[in-house]
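Enquirer: Pasting a structure below so you can have a look.
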Amino acid sequence: MLVGVVAGAAAVFFSDKKNREKATKVVAKGKAQVKKLSLEAKNNPEAFARRMAKKASTQAKKLGRQIAAKQNKKA
Numbered sequence: 001m002l003v004g005v006v007a008g009a010a011a012v013f014f015s016d017k018k019n020r021e022k023a024t025k026v027v028a029k030g031k032a033q034v035k036k037l038s039l040e041a042k043n044n045p046e047a048f049a050r051r052m053a054k055k056a057s058t059q060a061k062k063l064g065r066q067i068a069a070k071q072n073k074k075a
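In our numbering, the protein residues as written are 1 to 75.
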C-alpha cells in the first residue's frame, strides 16, 4: 500500500514539466559531485579519507547538539 502511495506522489510530482526540469538539474549536480569526489578519492585516498572523517565528525557533533537541544526543550 505504501508503495502505491509513493508511486502516486511521484507520478503527480513528475507530471509537471517544471518539476521534471528541477529533478534533472538536481540529478546532474549530484552526478558532478560524485564524479569530483571519486576523482579526488582516486588521486589521494589518504587525504580524502581524512577529509571525509572530519566532515562526518563535524556532522555527528552538530546532530548531537540538535538532539540535545530538542531533549532539553521537552524536559
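Glycine included, every Cβ here is placed at the ideal spot set by N, Cα and C.
So, A41 versus F48, is the Cβ gap smaller than 7 Å?
Expert: Position 41 of the sequence shown, counted from the start, is the residue given in the question as residue 41. Position 48 of the sequence shown, counted from the start, is the residue given in the question as residue 48. Their beta carbons are under 7 Å apart, which means A41 touches F48 by this criterion.
Enquirer: Assign N44 to one of three DSSP states: helix, strand, or coil.
Expert: In the sequence shown, residue 44 corresponds to position 44, counting from 1. Note: N44 maps to coil in three-state DSSP.
Enquirer: On the three-state DSSP scale, how would you describe M52?
Expert: Within the sequence shown, numbered from 1, the residue matching residue 52 stands at position 52. Residue state, collapsed to three classes: helix.
Enquirer: In its own chain, which residues sit with a C-beta less than 6 Å from the C-beta of F13, not counting the 5 before and 5 after it?
Expert: Here residue 13 corresponds to residue number 13 of the sequence shown, with the count starting at 1. Taken in chain order, the residues that qualify are N19.
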